[in-house]
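Number of protein chains: 2
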Amino acid sequence: MEALSVISEYVRHASVSTDPAFAAGMAGAREHAARLLAGAGLAVEIVPTPLHPIVVGRRAAPAGSPHVVLYGHYDVQPADPVEAWTTPPFEPDVRDGRLYARGAADNKGPHCVAVLALARLLRRRPALPLAITFIIEGEEEIGSPSFGAFLQKHRAELSGADFVLLSDTGSPSAEQIVVTTGLRGIAGLEVRLTGPRTDLHSGLHGGAVYNPVQALVEICASLHNADGSVNVPGFYDNVVPPERWEREELEKFPLDEAGYREFLGVDALYSQPGVTPIEATRHAPTLEFNGIGGGYQGEGSKTVIPSGAFAKITCRLVPGQDARDIADKVTAAIRARVPRGITASVRLKQGNNAYHVCPPGRPNTPHGQNPVLARAFSLATEAITDAFGRAPLFLREGGSVPIIGDIKAQTGLDSLMIGLFTPDSNLHAPDENIDLAIIERGIRAYEALLEKIALGQ
Amino acid sequence: MEALSVISEYVRHASVSTDPAFAAGMAGAREHAARLLAGAGLAVEIVPTPLHPIVVGRRAAPAGSPHVVLYGHYDVQPADPVEAWTTPPFEPDVRDGRLYARGAADNKGPHCVAVLALARLLRRRPALPLAITFIIEGEEEIGSPSFGAFLQKHRAELSGADFVLLSDTGSPSAEQIVVTTGLRGIAGLEVRLTGPRTDLHSGLHGGAVYNPVQALVEICASLHNADGSVNVPGFYDNVVPPERWEREELEKFPLDEAGYREFLGVDALYSQPGVTPIEATRHAPTLEFNGIGGGYQGEGSKTVIPSGAFAKITCRLVPGQDARDIADKVTAAIRARVPRGITASVRLKQGNNAYHVCPPGRPNTPHGQNPVLARAFSLATEAITDAFGRAPLFLREGGSVPIIGDIKAQTGLDSLMIGLFTPDSNLHAPDENIDLAIIERGIRAYEALLEKIALGQ
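Structure representation (structure tokens):
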């Protein structure tokens, strides 16, 4: 299988964008992406950025031809905890029809589907009237800090395209594909509290000094109410609730709470007012602790009052919320709750608003409908139904692909998102993997979709 | 200065008892301690234990001679965060009349004072009628798990002694020595919470699953009340309040709140009902977070819902509280506050009750008075006043020396504790150090005290 060898070679490059120690992996993955695009017949340009360059492949076509922007990212999440992986994260391993490696699902496998489909299609129809701009960036996992400037510089080229096509979202299985109609936004913060000038002996000084860990747990605990909602003034202001058809479509999703509990390995799901746990992941905003640390971390005990402590926090946002506004509100809530004797620094780490479109034939959402995208949705429905044997569901997803909103804002382009990873793909977690059946079917669907777009059928 | 070279060589042995990686440092420190005792004229025995052997030095004397048990420990706290030290923790460095190294103050320097004083005294008076049992253990920093069995085995020998003499407590400065009349006890716990079976993508699953870090901060935050007291049912039951003379003696302590704030580097001290911050460190129980961790710890961001999180907790206890009872109560409070969807393990790490004696001429405490110890206190007052130029204060201390209570329980012996480290000794913290002036004066005081005890003057 050509796709397996292409993706396997790609994931061997440990392209962790957040950590400078992985510079060689970033360069290797970038060169691999460039070779793939060139192999598909595109003209490749490496666009420098202040951090990780962007790989762009282009195909010209006669004036009046459709123009599709394809998107992927060659960077991956850190692999830690590495010891929790069954096989090493950057050594691809095939087990039970799945390819295991960091980046296999997020996002190397899925954008390889598009590249390989395009290569097949252009081998079969070398004169196809279809313009392509294929963008593979290297900073998605750190919030795409260089992508805004890239969009500004290429605004003229991109604004002339029809829409963006990408696969950086999920589907329930290789039998049921989801076309993603919305993404949550994200607002990330890092809180650092400092108390005494140095770690202190907890016997000699315990009782006289506010322990920064105590202050941190008290502040963090104050950020949710007892009913599970977020306790930050104004957090839910402006939230646009989901349409009825969106809740009904989600009920068709082949997952119930018992199955979800079993999948997650928990005896109860989290609950908050007015929303089921499964709805919450797609339609509700959250405030989540991604990491916390302070004081002694090793084996055994060390009886200190730590000098400092930190928490890494991200909020997932829904339509109507503004990332900067939410970050400001959370920051203000944290600052207002810092006790005397403790100093706080709160740094904004990343921020992007939610994105939302309405598929054809559905009641209009406040976010409007785009006729170019509507036609693409219809063609995708045909191509996906043919390749996978079942029509796609149209659902919002809980994850964030921040650049989708940026592209819309800068170029006016909407995005057609086809989910190619599955719930057991373990994104951002140990044993990340992708279903090889979805790869094969995905290539067929992408090939048919691009052909339909080019030929107007 | 003989003491400086002896202590400098001793602290080069990185004897971190909690971490098996430091086995060579433990062996080196133990051998150094054995050589020191032999050099003072004692017969040395290395007593094996399940973990770190105990070094014992003995001197026989004619029947009817006073018999003093001396105590020290050759193990030290971990040195992390190592990068916060001005000079490497196991390379002794002298700056401004202080010796900097891990263990310089806790406890290698102070028990070297006793060894060197004994060596000087016995060179001057080789036939002195004074029996000595000098015990230097290697597990004090991990709660002395082997010491109970050692005491049982040597109960007959030790029960025949008069009292224990040690320096593992503090004094405000080289000008004002404290004789310590009480120590807080300790009850240590480690809490581990587990949620989903693996780290999860916080976008895909955020909103449906109880984040273990959220559960941990909520549980930990619940352990204190808004007024600063501990919110564990029954925590303050049976607490014996300090005597009036103890509060008055503490007022003579040369430290005010402004000076303490400046020393700690904080703009406000912690407060709790009915006790000033300075009193709290010696007379009130605490519940302290020594470490917390969970989720992503590295640079940048990683948008996970962590699978688990932990907190290391120790309570400092005062007379009347029972360590096992407090550990049970804190464990019960934590277990009662674990939300659905999260499982908790709470492990008992260490536990010892507080210790308390009453010096001569003070109103009796409920803990009684020991006439043998009263005489030793009087002789110590003379020796300390001579060597340091000022009479000692009699104060309880906030730290814990768990073996003091064990010795009392198993052998009936009380302890005379002379404080030889100072507030700026940075115990359990970076840049640990000891004042070389206190070492010199301490040796003179110990030499005079041991001579007075032997000669009954």
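Which chain is which? The protein sequence lines are V and C, in order. Mapping the first sequence onto the numbering used here, position 429 (from 1) lands on 456, and the numbers just tick up by one. Mapping the second sequence onto the numbering used here, position 308 (from 1) lands on 335, and the numbers just tick up by one. Glycine included, each C-beta is placed from N, C-alpha and C at the ideal position. As the structure is a prediction and not an experimental result, all values here were calculated from the model.
Shorter than 8 Å from the beta carbon of residue i to some beta carbon of chain C?
i	result
V:Gly-197	yes
V:Glu-167	no
V:Val-240	yes
V:Asn-317	yes
V:Gly-426	yes
V:Val-236	yes
V:Tyr-297	yes
V:Val-38	no
V:Gly-368	yes
Just curious, the alpha helix (DSSP H) that residue i is in, first and last residue?
i	result
V:His-310	304–310
C:Val-266	No alpha helix (DSSP H) holds C:Val-266; DSSP gives it neither H nor E.
C:Gln-377	C:Gln-377 -> not in any alpha helix (DSSP H); beta strand (DSSP E) instead, spanning 370–379.
V:Phe-404	398–415
V:Asp-352	350–363
V:Leu-463	463–482
V:Gly-432	429–438
V:Ala-41	Here V:Ala-41 belongs to no alpha helix (DSSP H), and DSSP marks it neither H nor E.
Looking at the C-beta of residue i, does it have a partner C-beta in chain V at a distance below 8 Å?
i	result
C:Gln-437	no
C:Lys-376	yes
C:Gly-130	no
C:Pro-156	no
C:Val-331	yes
C:Gln-324	yes
C:Tyr-287	yes
Look at residue i and residue j and say whether their C-beta atoms are less than 8 Å apart.
i	j	result
V:Ala-381	V:Leu-210	yes
V:Thr-308	C:Leu-231	yes
V:Thr-341	V:Gly-165	no
V:Ser-334	V:Pro-450	no
C:Pro-116	C:Ala-132	no
V:Asn-160	V:Leu-143	The amino acid at residue 160 of chain V is misidentified as Asn; the sequence shows Thr. No; because the gap between Cβ atoms is not below 8 Å, this pair is not in contact.
C:Asp-195	C:Val-428	yes
C:Ala-403	C:Ile-465	no
C:Leu-148	C:Leu-482	no
C:Ala-568	C:Leu-440	Any property of residue 568 of chain C remains undetermined from this structure, which presents chain C solely from 28 to 484.
C:Ala-158	C:Ser-92	yes
V:Ala-456	C:His-383	no
C:Leu-69	C:Arg-86	yes
V:Leu-31	V:Thr-438	no
Just to confirm the assignment, what range does the beta strand (DSSP E) spanning residue i have?
i	result
C:His-181	C:His-181 -> no beta strand (DSSP E), and no H or E assigned at all.
V:Thr-221	212–221
V:Thr-341	335–344
C:Ser-442	442–445
V:Ala-158	158–164
C:Ile-81	81–86
C:Val-293	Here C:Val-293 belongs to no beta strand (DSSP E), and DSSP marks it neither H nor E.
C:Thr-313	313–322
C:Leu-193	190–193
V:Leu-155	That residue, V:Leu-155, is in no beta strand (DSSP E); it is neither H nor E in DSSP.
C:Ala-248	Run containing C:Ala-248: none in the beta strand (DSSP E); it sits in the alpha helix (DSSP H), 239–248.
V:His-94	94–100
V:Leu-422	420–424
With residue i and residue j assumed to form a contact (beta carbons below 8 Å), what rounded beta-carbon distance in angstroms separates them?
i	j	result
C:Val-140	C:Pro-419	Not a contact, Cβ separation roughly 15 Å.
C:Tyr-263	V:Gly-234	With a Cβ gap of about 13 Å, C:Tyr-263 and V:Gly-234 do not count as contacting.
V:Ile-369	V:Pro-239	6 Å
C:Gly-286	V:Gly-318	Contact doesn't hold; Cβ gap of about 37 Å is too wide.
V:Ile-343	V:Gly-425	Residue identity check: residue 343 of chain V is Arg in the sequence provided, not Ile. 6 Å between Cβ atoms; contact.
V:Gly-378	V:Ile-213	7 Å
V:Asp-102	V:Glu-167	6 Å
C:Val-218	C:Ala-338	5 Å
C:Ala-41	C:Gly-52	3 Å
At least three beta-carbon pairs within less than 8 Å, the region 302–313 of chain C to the region 323–339 of chain C: Contact between the region 302–313 of chain C and the region 323–339 of chain C is absent: fewer than 3 CB-CB pairs across the two stretches fall below 8 Å.
Three CB pairs or more closer than 8 Å across the region 452–469 of chain V and the region 126–141 of chain V: The answer is yes - the region 126–141 of chain V touches the region 452–469 of chain V, with three or more Cβ pairs under 8 Å.
Stretch pair the region 341–354 of chain V + the region 256–274 of chain V: three plus CB contacts closer than 8 Å: With the cut-off at 8 Å, the region 341–354 of chain V and the region 256–274 of chain V touch.
Cβ contact check for the region 348–363 of chain C and the region 79–92 of chain V: 3 or more pairs under 8 Å: At 8 Å Cβ cutoff, the stretches do not touch.
Contact between the region 97–106 of chain C and the region 162–182 of chain C (3+ Cβ pairs under 8 Å): When Cβ pairs closer than 8 Å are counted between the two stretches, the region 97–106 of chain C is seen to touch the region 162–182 of chain C, the count reaching three or more.
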